[in-house]
Amino acid sequence: MTKLTGRTLSIIGVPMDLGASRCGADMGPTAIRNAGLVSRLEQVGHSVKDEGDLVVKRCSSLSVPGTASSLRHLDEIAAVNERLCEAVAKAAGDGRLPLVLGGDHSIAIGTVAGMSSRVDKLGLIWFDAHGDVNTAETTPSGNIHGMSLAVALGCGHPRLTGIGGKTEKVQPEHTVLVGARSLDPGEREFLKKRGILVFTMRDIERLGIEEVMKRAMDRAADGTDGLHLSLDLDGLDPCEAPGVGTPVPGGIRLRESLLAMELLADAGVLRSAEFVEVNPLLDRQNRTALAAVELIGALFGEKIL
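In the numbering used here, the protein residues as written are -1 to 303.
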């Protein structure tokens, strides 16, 4: 068990919205920082090194629809994730815990690749309303942020799966999806075929978030060298996190999500984390960025008493 207080954290911002259909997630890292992230972490007792933001090339025609044979902005997304993979691997190799701020969820490709290059077996908890396991054959949009978990599992365009060296960054038996409530037909088949543990909102309502997180951590940490948390803010209910590009009603409430983070902190198995899809253009009074900071604080050991 690794104590999460008094750690050295590396914050890496990835201001990219190329993997999504809507503009604005590229401003997410700034919004999260401006909501008081660094001071919050320092008050818990961590040493924080803010690495700044990766450079992302702006692309024209963000709204151009994709097709099964055309993944939108593939080259630039791959290039950014290659740089992110290197930055995450370096931070972890230097003994710092990488905390990545997005940006759309396609950045998870680079984060998971970077961590998997530093540990033999990585567990993964994917906190999201969506499955993100589409491929070029199943995607209805061509948006790569809906493919990032599939890529981490070794399925997808070789330009993406090849990042970091290992094709399969995580194994299905070490991967857990929490909060799902909007899955495409191809994603349902993908998840069932590979035996990935999925906790839908029905499961969370029936079992409670404490039992769900216990089972999720038992699965993802079993035989692994620690966990990566990939948290999409659209996993929360839109009434509490309105500033996301693909909101889905009926999500996890903020208090439940905070408890989930607190349980992860108590378990001491976290190796890295990312928080993605904060979109200030769609937010109201910065509520989603503030929620992200609350969640990060809880994940890194913040207590009420």
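For every residue, glycine included, the Cβ atom is placed at its ideal position computed from N, Cα and C.
Which residues DSSP lists as bridging residue i, in chain order
i: ASP220; result: Answer is none; ASP220 lacks a bridge partner.
i: GLY100; result: VAL12
i: SER180; result: HIS128
i: LEU225; result: GLY121 and LEU268
i: GLY6; result: The sequence given here has Thr at residue 6, not Gly. SER45.
i: ILE250; result: LEU234
i: LEU257; result: In DSSP, LEU257 forms no bridge with anything.
i: ASP51; result: GLY11
i: THR173; result: LEU122
i: PHE273; result: LEU99 and LEU229
i: LEU195; result: VAL174
Cα-Cα separation between residue i and residue j, rounded to whole angstroms
i: GLY129; j: ASP48; result: 30 Å
i: LEU151; j: GLY140; result: 18 Å
i: ARG56; j: SER19; result: 14 Å
i: LYS191; j: GLU135; result: 16 Å
i: PRO278; j: GLY121; result: 30 Å
i: GLY266; j: PRO156; result: 34 Å
i: LEU39; j: SER45; result: 8 Å
i: ASP235; j: LEU229; result: 13 Å
i: LEU158; j: VAL110; result: 12 Å
i: ASP15; j: VAL168; result: 24 Å
i: GLU300; j: GLY50; result: 24 Å
i: PRO27; j: GLY4; result: 23 Å
i: LEU82; j: GLU185; result: 26 Å
i: VAL54; j: THR286; result: 23 Å
i: PRO170; j: GLY193; result: 7 Å
i: ALA258; j: MET211; result: 6 Å
i: LYS164; j: ALA218; result: 19 Å
i: GLY154; j: LEU303; result: 46 Å
i: ASP220; j: CYS237; result: 35 Å
i: PRO96; j: MET25; result: 19 Å
i: GLU187; j: GLU166; result: 19 Å
i: ARG213; j: GLY108; result: 26 Å
Neighbourhood of residue i by C-beta, 8 Å cutoff - its chain only, sequence neighbours within 5 removed
i: LEU189; result: GLY129, VAL131, LEU175, LEU181 and VAL196
i: GLU84; result: GLY112
i: ASP232; result: ASP126, ALA127, HIS128, ALA239, VAL242, GLY243, THR244, PRO245, VAL246, GLY249 and GLU275
i: GLY91; result: ARG116
i: ALA33; result: ASN284, ALA287, LEU288, ALA290 and VAL291
Integer Cβ distance of residue i from residue j, believed to fall under 8 Å
i: VAL98; j: ILE10; result: 5 Å
i: ALA106; j: VAL274; result: 7 Å
i: GLY241; j: LEU280; result: 5 Å
i: LEU262; j: LEU288; result: Going by Cβ atoms, the distance from LEU262 to LEU288 rounds to 20 Å, so no, they are not a contact pair.
i: HIS103; j: HIS143; result: 4 Å
i: ILE161; j: ASN284; result: Not confirmed; about 32 Å, so no contact.
i: LEU52; j: VAL12; result: 5 Å
i: GLY101; j: ALA29; result: Actually they do not touch by this definition, with Cβ atoms about 11 Å apart.
i: GLY295; j: VAL42; result: 7 Å
Residues near residue i by beta carbon distance below 7 Å, same chain, minus five either side
i: ILE254; result: Checking the sequence, you will find Glu at residue 254 rather than Ile. Excluding residues within five positions, the ones whose Cβ falls inside 7 Å are ILE207.
i: ARG94; result: THR6, LEU7, SER8 and LYS47
i: ALA66; result: For ALA66, the predicted structure reports a pLDDT of 40, less than 50, and the residue's modelled location is therefore unreliable. A value from the coordinates is still provided. Same-chain partners within the cutoff: ALA134, GLU135 and THR137.
i: LYS119; result: HIS172, GLY221, THR222 and ASP223
i: LEU256; result: GLU292, LEU293 and ALA296
Same chain only: Cβ atoms within 6 Å of residue i, ignoring 5 sequence neighbours per side
i: LEU35; result: VAL291
i: PRO124; result: According to the sequence shown, residue 124 is Trp rather than Pro. If we look at TRP124 and ignore the five residues flanking it on each side, its Cβ neighbours are LEU147, LEU175 and SER228.
i: MET215; result: ALA265
i: ALA89; result: SER8 and PRO96
i: ARG251; result: ASP235
Near the ligand ADP: residue i beta-carbon under 7 Å from a heavy atom
i: LYS119; result: The model depicted lacks the ligand ADP and carries no ligand whatsoever.
**Asked** Per the contact definition of three or more C-beta pairs closer than 8 Å, is the segment 264 to 278 in contact with the segment 220 to 232?
**Response** In short, these stretches touch, since the Cβ pair count reaches three.
**Message:** Check whether the segment 143 to 150 and the segment 195 to 215 touch, using three or more Cβ-Cβ pairs below 8 Å as the test.
**Reply:** Not touching, per the Cβ criterion.
**Prompt:** Quick check: the segment 202 to 214 against the segment 162 to 177, are there 3 or more CB pairs under 8 Å?
**Reply:** Short answer: they touch.
**Message:** Across the segment 236 to 245 and the segment 74 to 90, are there enough close Cβ pairs to call them in contact, namely three or more that are closer than 8 Å?
**Reply:** The way I'd put it, the segment 236 to 245 doesn't touch the segment 74 to 90; fewer than three beta-carbon pairs between them come closer than 8 Å.
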